[in-house]
Structures are given as C-alpha cells and as structure tokens.
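Asks: In the working numbering, the protein residues as written are 1149 to 1390. I am attaching a structure below and will ask some questions about it afterwards.
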C-alpha cells in the first residue's frame, strides 16, 4: 500500500511541475525586409520567422497577420508553412502596402492552438504618404455635343515619383475653359475627385451651347493638403461636333 501511495504522489508532482515552453523553442526572430514603405497599395515588405528545426511537420505552419495592408491571399492574415533554407526552418509571407499612411502592426504565431500568448511575436512598419508627382487626364471621347446633348467621362490617373500609386486622400481640381479664352461654363457631374484605393479620379462632363468646331480645354490639377493648386496638372482639348 505504501508503494501505491508513493506512485500516486509521484504522478501528481510530475504533473504539477510541467514546464512552460519557451517561445524560442517554437518561433523566434521575426524579421522585416524594410521598416518603412509608401502607402501606395503596390509596394511590399517581406516577413520571415525562424522555427525550431526540430519542429514536427504538423507544427511548421504559422499565421502572419497585419493591422493594415494585405497578403497574397488578399486578406489581412495568411498561413505559411515553414521550409528549410540553408539548414534553417523559415516561414515567409509578403505584405502589400495599404493606401492609407500610418503604423502597420504585424504579428506571427503558431497555427496550432496554444493558451500561451507569449508565442505571438509582434513588430511594426511605417507606411508613409505617397505624394503625387504626375497626373494624366483622359476623356472617353474627344468629341462632344453642344447644349448638354451628351456627356463624356473624364478619368485622371495620379502617380508618385516612382510611377506608382498615390495614397488615399489626394484631391484634384477639374476646370474647363475655351481654347480661345474665357470660361467654358460646362457641367461636371458625379465628381469623384479625391483618390481612394485606385489612384484615380473621375467625373462626367457636358458642354454648354456652342457652335460645332468650338474647342474646349479641360484641365486636371493636383491640390496640396490645404486644397491649393500645385504645379502638377494635365490638360486635354475636346471639340464640339454635334
């Protein structure tokens, strides 16, 4: 009977002395290929994390997540399986920049369920405002009817200095004038003149009453943060033909 009591006591002691796993025995060393990138919806940063080389095959997947931007899946999180790279077990993911500037919090944790929150590694990336450098204005047609007979669609694409997208919130002013001088007094409808997640702005335009052959110039100008005109602009000429 004494031996039975001793065995039971030993089992309880061993159960109570279970060691809490160290995060370094699961995942470690979250690395970022860069800590700053433009908020252009196109630039990207590579994320990687090293796993214990002795991890079993069913525990080699990790979940990367981000507070902004998107992974290749198009979502704010992605599951990646670690593979050996030069003898090191590494899991990788690519995060695409958002269109809004700010701090992006990135985290990585094992895919398997664990009550140990210390298994989560966190770091941050700064998404900076992607400023306009050029604008290109295009009409759906270079001919238009007189007296608001029809409309053409105007689309302007804005690019940064690297010919990539600009951030959300860039404002553009659309204006019309007669090539011979003076205001054209046309009508802009359904103006979408602040960039969102496409680096484009648009509007519909119809001309006032003018004789056939009248040339109208439409100009798109990027505005600064105070909504004042900048030197970044483009213009097209359309002709009344109906």
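Note that CB positions come from ideal geometry on N, CA and C, so glycine has one too. In this text, all values refer to a predicted model and were calculated from it rather than measured experimentally.
(1) Threshold first: 3 residues or longer. Then list the beta strand (DSSP E) segments lying entirely within the segment 1307–1355, N to C.
(2) Buried or exposed for residue 1290, going by 16 or more other Cβ atoms inside 10 Å?
(3) Could you work out which residue in 1302, 1209, 1314 and 1234 is closest to residue 1240 when comparing CA atoms only?
(4) For a test of the three-state rule: what should DSSP assign to residue 1290, helix, strand or coil?
(5) So the candidates are 1219, 1201, 1254 and 1243; which of them puts its Cα closest to the Cα of residue 1232?
(6) What three-state label does DSSP hand residue 1412 in the structure shown?
(7) CB-CB under 8 Å to residue 1236, same chain, minus the five flanking residues each way: which ones, in chain order?
(8) Taking residue 1382 as part of the beta strand (DSSP E), name the residues at either end of that continuous run.
(9) Could you pull out every residue in the same chain whose Cβ sits closer than 7 Å to the Cβ of residue 1251, ignoring the five residues on either side in sequence?
(10) Span of the beta strand (DSSP E) holding residue 1299?
(11) Using a Cβ-Cβ cutoff of less than 8 Å, which residues in the same chain neighbour residue 1154 once the five nearest sequence positions on both sides are dropped?
(12) Might you give, ordered along the chain, the residues of its own chain that have their beta carbon closer than 7 Å to the beta carbon of residue 1409, omitting 5 neighbours on each side?
(13) Could you give the C-beta distance for residue 1386 and residue 1285, rounded to a whole number, given that I count them as a contact under 8 Å?
(14) So what's residue 1215 in DSSP terms, helix, strand or just coil?
(15) Does residue 1217 pass the burial test, meaning 16 or more other C-beta atoms within 10 Å, or should it be called exposed?
(16) Any idea if residue 1257 is buried or exposed, counting beta-carbon neighbours within 10 angstroms, 16 or more meaning buried?
(17) Going by C-alpha distance, which of 1246, 1292 and 1339 is nearest residue 1220?
(18) Can you give me the C-alpha to C-alpha distance between residue 1191 and residue 1390, rounded to a whole angstrom?
(19) In or out: residue 1157 buried (at least 16 other Cβ within 10 Å) or exposed?
(20) Exposed or buried, what is residue 1308 when buried is set at 16 or more other beta-carbons lying within 10 Å of its beta-carbon?
Replies: In terms of the structure at hand:
(1) For the segment 1307–1355, whole beta strand (DSSP E) runs of length 3 or above, ordered along the chain, are 1320–1326, 1335–1340 and 1348–1354.
(2) It is exposed - the Cβ of residue 1290 has fewer than 16 other Cβ atoms within 10 Å.
(3) Selected option, being the one with the closest Cα: 1209.
(4) DSSP places residue 1290 in coil when its eight states are reduced to three.
(5) Looking only at 1219, 1201, 1254 and 1243, the smallest Cα-Cα distance to residue 1232 is reached by 1201.
(6) With the chain covering only 1149 through 1390, there is no way to say anything about residue 1412.
(7) 1198 and 1201, listed in sequence order.
(8) Per DSSP, the continuous beta strand (DSSP E) segment holding residue 1382 begins and ends at 1377–1388.
(9) In chain order, 1272 and 1274 place their CB closer than 7 Å to the CB of residue 1251, counting only its own chain and leaving out the 5 sequence neighbours on each side.
(10) Unbroken run through residue 1299: none, as it is neither H nor E.
(11) In this prediction, residue 1154 has a pLDDT of 46, which is less than 50 and means its spatial position is unreliable; nothing more can be read from the coordinates.
(12) The requested residue 1409 is not part of the displayed model; the chain covers only 1149 to 1390.
(13) No, residue 1386 and residue 1285 are not in contact; Cβ-Cβ is about 11 Å, not under 8 Å.
(14) Here residue 1215 sits in coil by DSSP.
(15) Its Cβ being crowded by 16 or more others within 10 Å, residue 1217 is buried.
(16) Answer is buried; the Cβ neighbour count reaches 16.
(17) Closest by alpha carbon: 1246.
(18) Each residue's alpha carbon lies about 45 Å from the other.
(19) Confidence is the limiting factor: at residue 1157 the pLDDT is only 43, short of 50, which leaves the residue's position unreliable, though a coordinate-based value still follows. So residue 1157 ends up on the exposed side.
(20) The residue in question, residue 1308, is buried, as its Cβ has 16 or more Cβ neighbours within 10 Å.
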